[in-house]
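Undergrad: In the working numbering, the protein residues as written are 4 to 533.
Cβ atoms here follow ideal geometry from the backbone N, Cα and C, with glycine treated the same way.
As the structure is a prediction and not an experimental result, all values here were calculated from the model.
For reference, the structure I am asking about is given below.
Okay, here's the thing in structure tokens:
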């Protein structure tokens, strides 16, 4: 284990030297501001919980916190005035962009790339932003930072739009994050450092290689291997039925992965709802609840009945108890890609490392198929790692991931496609789950990343008819909402086509990076990774 940490540290140093990486900013408002942070976030003085965590302190945080401790007890103290005096609040992002109703949806999307692109960041020791050295694309109007898994689906559209230069810049940024913090966090904010998101970096590199050539992808090989170290940390220390961070060992001895977060407290960017819900639980259960909340944020599916024992009660999250089928499909693909890139490069030692990663991928494939595929229902499910039990009462569109990444057998692929056609295909495309819980990652909503995985997954297994039908329905609802609102939104109601999708932790966003990317890719006919 010490060897793994040493290797990662050496790699991070080498990458930092190679890229000229500046020091990582470590301003952490939730921890640096003490009681002030808690009081502001629960007070409701800002409608959006992200406002204060993205604010810039005008003096050293420790001095502001000390001043607050004294001032808060004075007569007539005004919290909002105190904050405005000591912090520079984030300014609204002025897009200067207005929809041209004469434009087609495709023209509108291509016109949005400059609006969603942010320039390289400047280092600022009093900002929660982790500066990135290259330009990048944000998901939508609310955001001032890059988000990990969104970026893969955004890149699909950038490739189709001929912007391989911007794809390379974003990949350079992710490699920079691996070099400076040891992994790719949820987003480039200090308060996201304790977690990642679905590890699509390998899929991004594979996409870039197809758009350019394999030699171009070799520049990211070290970062791919370092990210793999992050996800597999602790694998060697586990006995059957044990877990450490993001790694679990099932009762049969096989090693797979789960979502996790290194902190067990309310999320700074969603502090008030997390804190309020946590306070309804006995004190001894709060840390576990907060850990589940944060692990769910790492999954990208925040929130969904997928992670809930009771779909109507967010306090019943069990995310860290589950082995997600899509996460392990992603890691399988990354392991295969690393093996392929090592084989292609053919330097000293590459053949041995390539064989090791190829073997790891095959072991993961066998373990996942044995654990997650249910022959009786012909479908993939998440797995409770302590018992090995499949969560068969909560089928989700995550079952398409083994098809998209090509690890399902032909028979399994056909069975999953048939189930998706029977139960998940709706008038507007594939629905996320079959449970209408009120959470945003549930029925009746459809999400661009899942539509892409499902459509191209079933296409990969010979169901071109189903893929084309789902594609046409999805693009039709995209066009319908665009014609009525002039916007591309982050999710859609695929059951009632006259209603905008609901649920979530912030107002429905427009922009929207992954919606735009998937729409252009479906129109172009891109293919899933090898």
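Check whether the stretch 383–399 touches the stretch 339–357, taking contact to mean three or more Cβ pairs, one atom from each stretch, closer than 8 Å.
TA: Not touching, per the Cβ criterion.
Undergrad: Excluding sequence positions up to five away, which residues of its chain have a Cβ less than 6 Å from the Cβ of residue 248?
TA: 236, 237 and 263
Undergrad: Excluding the 5 residues flanking residue 315 on each side, which residues of the same chain have their C-beta closer than 7 Å to its C-beta?
TA: 440
Undergrad: In chain order, what residues of the same chain have a beta carbon less than 7 Å from the beta carbon of residue 451, not counting five sequence neighbours either side?
TA: So the qualifying residues of the chain are 156, 517, 518 and 521.
Undergrad: For the stretch 258–346, which segments carrying the alpha helix (DSSP H) assignment without a break, of at least 4 residues, lie completely within its bounds, in sequence order?
TA: 274–281 and 286–302
Undergrad: Rounded to whole angstroms, what's the CA-CA distance from residue 416 to residue 373? Just pull it up for me.
TA: When rounded, the distance between both Cα atoms is 15 Å.
Undergrad: Can you tell me which of 444, 193 and 360 puts its alpha carbon nearest to the alpha carbon of residue 128?
TA: 193
Undergrad: Using three-state DSSP, classify residue 252 as helix, strand or coil.
TA: strand
Undergrad: Please list, in chain order, all residues of the same chain as residue 293 whose beta carbon is under 7 Å from its beta carbon, the five residues on each side excluded.
TA: 267, 268, 269, 277 and 281
Undergrad: Going by C-alpha distance, which of 49, 112 and 89 is nearest residue 524?
TA: 112
Undergrad: Which runs of the beta strand (DSSP E) at least 3 residues long sit entirely within the stretch 162–246? Give them in chain order.
TA: Taken in chain order, no unbroken stretch of beta strand (DSSP E) lies wholly in the stretch 162–246 with a span of 3 residues or more.
Undergrad: What are the boundary residues of the alpha helix (DSSP H) that residue 48 is part of?
TA: From DSSP, residue 48 is part of no alpha helix (DSSP H); its letter is neither H nor E.
Undergrad: Please state if the CB of residue 384 and the CB of residue 434 are separated by a distance shorter than 8 Å.
TA: no
Undergrad: Please check the pair residue 298 and residue 322, which I expect to be a contact at CB under 8 Å, by giving their CB distance rounded to whole angstroms.
TA: 4 Å
Undergrad: Near residue 418, what residues of its chain come up, given a Cβ to Cβ distance below 8 Å and the 5 sequence neighbours on each side ignored?
TA: Cβ within range, chain order: 381 and 382.
Undergrad: Secondary structure at residue 408, three-state DSSP: helix, strand or coil?
TA: coil
Undergrad: Let me confirm a value: residue 357 is counted as buried when at least 16 other C-beta atoms fall within 10 Å, else exposed. Which label applies?
TA: buried
Undergrad: For residue 89, is the classification buried or exposed, using 16 other Cβ atoms within 10 angstroms of its Cβ as the cut-off for buried?
TA: buried
Undergrad: Determine the contact status of residue 53 and residue 301, defining contact as a CB-CB distance below 8 Å.
TA: no
Undergrad: Kindly indicate the opening and closing residues of the alpha helix (DSSP H) around residue 3.
TA: Residue 3 is absent from the structure shown; the chain starts at 4 and stops at 533.
Undergrad: Throw me the rounded Cβ distance for the residue 240 and residue 251 pair, which I believe falls under 8 Å.
TA: Contact doesn't hold; Cβ gap of about 12 Å is too wide.
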